[in-house]
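Trainee: Taking this note's numbering, I'd label the letters of the sequence shown as residues 3 to 301. Can you read through this structure? Questions will come right after.
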Amino acid sequence: MVTPFTPDLKIDFDALSKLTDFYMACGAKGFFANCMSSEMYYLDNEERLALASHVVKQVKGKFPVVATGSFGETIEEQADFAKKMYATGVDAVILITSHFSKKEEDDTVLINNLKKFLSLTGDIPMGTYECPSPYKRIITPEVLRFMLSTNRFFYHKDTNLDLDPIKVKLEIAKGSSLEFYDAHTPNTMDSLQMGAQGMSCIAGNLYPELFSWMCANATDPAKQEDVKWLQSELTRLDAIISKGYPLSAKYFLQKRGVPIAPIGRSSKNPLTEEQKQGLDEIFNDLPALHKRLGIKVKP
3 MVTPFTPDLK IDFDALSKLT DFYMACGAKG FFANCMSSEM YYLDNEERLA
53 LASHVVKQVK GKFPVVATGS FGETIEEQAD FAKKMYATGV DAVILITSHF
103 SKKEEDDTVL INNLKKFLSL TGDIPMGTYE CPSPYKRIIT PEVLRFMLST
153 NRFFYHKDTN LDLDPIKVKL EIAKGSSLEF YDAHTPNTMD SLQMGAQGMS
203 CIAGNLYPEL FSWMCANATD PAKQEDVKWL QSELTRLDAI ISKGYPLSAK
253 YFLQKRGVPI APIGRSSKNP LTEEQKQGLD EIFNDLPALH KRLGIKVKP
């Protein structure tokens, strides 16, 4: 989820309520609050908790809500904050994989730090996110097997660009309680057909209904022509919407009627006229995509 801000860059909770409702109306079946798209590194701990708590209350138990909770200078501090995040009512606390080992440290360090963290957090359900910041720490098969052995992990957001490592991880996680979500839009069709439970990508903030349709139809033999066509469209559009993100998403959402301003704490520069023009063209093309796929959602 992106975070709406007021002109003085405070969290706009009224807009957040409407944004959450918009996502649900478009077929979103889960919410990741306090993530990279939410500008979590530009929020303080109180704001991170308030953000997650508000989304939980707005969703009212209809769908799962998860939020990042691995902030802290020490494992003890991380565990303490994870408890506070879980107390907001989220269904699982998400751990940034690069919060548990330095870039040069091997998987043994990562696993040992996770063990210590898990020992300090009771039976709180957890998830992982291979966030690009502070650096992208890809979960290896060895680490994934450890995670599954704990019976504590229920969500994984994968940021691999290549499909081969994703296929390996999906095979390892098959039949477990871990749900696998791909962050890379060009992988959508293939990941879903290989067994991913869904998508958790930046484009889902702009037109979630297209991903909802894809999740429902990717494995339907009768829909493969439309599935392949939509995948090519999603890949094409991704190159446009990724420029100036997350402002691009906020600008697009504003055009769709969500009262969210294209401003944020993480963006130093406003969108250029060229970027706006590209987003305007996507917005104008959206009804045609809806019509072909039979999607009944307001553009």
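Heads up, the beta-carbon is just placed ideally off N, CA and C, and yes, glycines get one too.
Using 8 angstroms as the cut-off, can you tell me whether the segment 105-113 makes contact with the segment 50-70, which would need three or more C-beta pairs spanning the two stretches below that distance?
Mentor: The segment 105-113, when compared against the segment 50-70, does not touch it at the 8 angstroms Cβ threshold.
Trainee: Please confirm whether T130 and L163 have their CB atoms less than 7 angstroms apart.
Mentor: Within the sequence shown, the letter at position 128 stands for residue 130. Within the sequence shown, the letter at position 161 stands for residue 163. Cβ distance not < 7 angstroms, so T130 and L163 don't count as in contact.
Trainee: Going by the DSSP bridge assignment, what does K159 pair with across the sheet?
Mentor: Mapped onto the sequence shown, residue 159 falls at position 157. According to DSSP, K159 bridges with Y131, Y183.
Trainee: Enumerate in chain order the residues of its own chain whose CB-to-CB distance from K298 is below 8 angstroms, with the five nearest sequence positions on each side excluded.
Mentor: As a working mapping, residue 298 is identified with position 296 in the sequence shown. Closer than 8 angstroms at the Cβ level, and outside the excluded window around K298, lie H292.
Trainee: Determine the extent of the beta strand (DSSP E) in which L97 is found, giving its start and end residues.
Mentor: Along the sequence shown, read from residue 1 onward, the residue named residue 97 stands at position 95. Counting along the chain, the beta strand (DSSP E) containing L97 begins and ends at 94-98.
Trainee: Pull the bridge partners of M201 from the DSSP assignment, please.
Mentor: On the sequence shown, residue 201 is found 199 positions in, with the first residue counted as 1. Answer is D184, bridged to M201.
Trainee: Could you work out which residue in M191, D287, D282, Y253 is closest to S269 when comparing CA atoms only?
Mentor: Taking the sequence shown and counting its residues from 1, the one referred to as residue 269 is at position 267. Residue Y253 is the option with its Cα nearest to S269.
Trainee: Are the Cβ atoms of V2 and A54 separated by less than 7 angstroms?
Mentor: Any question about residue 2 goes unanswered here, given that the chain covers just 3 to 301.
Trainee: What beta strand (DSSP E) runs, 3 residues minimum, are completely inside the segment 44-84?
Mentor: Here the runs fully enclosed are 67-70.
Trainee: For my contact list, T190 and Q233 are in at a C-beta cut-off of 8 angstroms; report their separation, rounded to the angstrom.
Mentor: Counted from its first residue, the sequence shown places residue 190 at position 188. Counted from its first residue, the sequence shown places residue 233 at position 231. Contact holds; Cβ gap of about 6 angstroms.
Trainee: Which residues share a DSSP beta bridge with A35?
Mentor: What you label residue 35 is simply residue 33 of the sequence shown in a count that begins at 1. In DSSP, A35 forms a bridge with A69.
Trainee: Could you spell out the range, first to last residue, of the alpha helix (DSSP H) harbouring L172?
Mentor: The sequence position of residue 172 within the sequence shown is 170, counting from 1. Residues 165-175.
Trainee: Any idea what DSSP makes of F102, helix, strand or coil?
Mentor: Position 100 of the sequence shown holds residue 102. Reduced to three states, the DSSP call for F102 is coil.
Trainee: Whether or not the segment 115-129 and the segment 161-177 are in contact is what I'm after, with contact meaning three or more pairs of Cβ atoms, one per stretch, closer than 8 angstroms; do they touch?
Mentor: Too few Cβ pairs lie closer than 8 angstroms, so no.
Trainee: Report all residues from its chain with a CB closer than 8 angstroms to the CB of R294; omit the five preceding and five following residues, and keep chain order.
Mentor: What you label residue 294 is simply residue 292 of the sequence shown in a count that begins at 1. Same-chain partners within the cutoff: D228, W231.
Trainee: For L150 and F83, what's the separation of their Cα atoms in angstroms?
Mentor: Counting from one through the sequence shown, the residue named residue 150 turns up at place 148. Counting from one through the sequence shown, the residue named residue 83 turns up at place 81. Near 23 angstroms, if we compare the C-alpha coordinates of F83 and L150.
Trainee: So, at 6 angstroms on beta carbons, what are the nonlocal neighbours of G32 in its own chain, with the 5 sequence-adjacent residues on each side left out?
Mentor: Your numbering for residue 32 matches position 30 in the sequence shown. F65, P66, listed in sequence order.
Trainee: Output yes or no for whether 7 angstroms exceeds the beta carbon distance between H56 and F24.
Mentor: In the sequence shown, residue 56 corresponds to position 54, counting from 1. In the sequence shown, residue 24 corresponds to position 22, counting from 1. The answer is no: Cβ separation not under 7 angstroms.
Trainee: Ordered along the chain, which non-local residues of its own chain (more than five positions away) have a Cβ less than 6 angstroms from that of S72?
Mentor: For the purposes of this step, residue 72 is identified with residue 70 of the sequence shown, where counting begins at 1. Hits under 6 angstroms: Q80, L97, I98, H101.
Trainee: With distances taken Cα to Cα, identify the nearest neighbour of C203 among T237, P289, L112.
Mentor: Along the sequence shown, one-based indexing puts residue 203 at 201. Nearest of T237, P289, L112 to C203, Cα basis: T237.
Trainee: Which two residues bound the contiguous alpha helix (DSSP H) that contains N219?
Mentor: Counting from 1 along the sequence shown, the entry for residue 219 is found at position 217. 210-219 is the span of the alpha helix (DSSP H), which, as asked, contains N219.
Trainee: Spell out the partners DSSP gives F7 in its beta bridges.
Mentor: As a working mapping, residue 7 is identified with position 5 in the sequence shown. I13, per the DSSP bridge assignment.
Trainee: With a 10 Å radius around its C-beta and 16 neighbouring C-beta atoms as the bar for buried, classify A198 as buried or exposed.
Mentor: Residue mapping note: residue 198 aligns to position 196 of the sequence shown, counting from 1. A198 should be labelled buried.
Trainee: Is it buried or exposed, S40, if we count other Cβ atoms within 10 angstroms and call 16 or more buried?
Mentor: Your numbering for residue 40 matches position 38 in the sequence shown. Flag for S40 reads buried.
Trainee: From I284 to E78, what does the alpha carbon distance come to, in whole angstroms?
Mentor: As a working note, residue 284 is residue 282 in the sequence shown. As a working note, residue 78 is residue 76 in the sequence shown. Near 46 angstroms, if we compare the C-alpha coordinates of E78 and I284.
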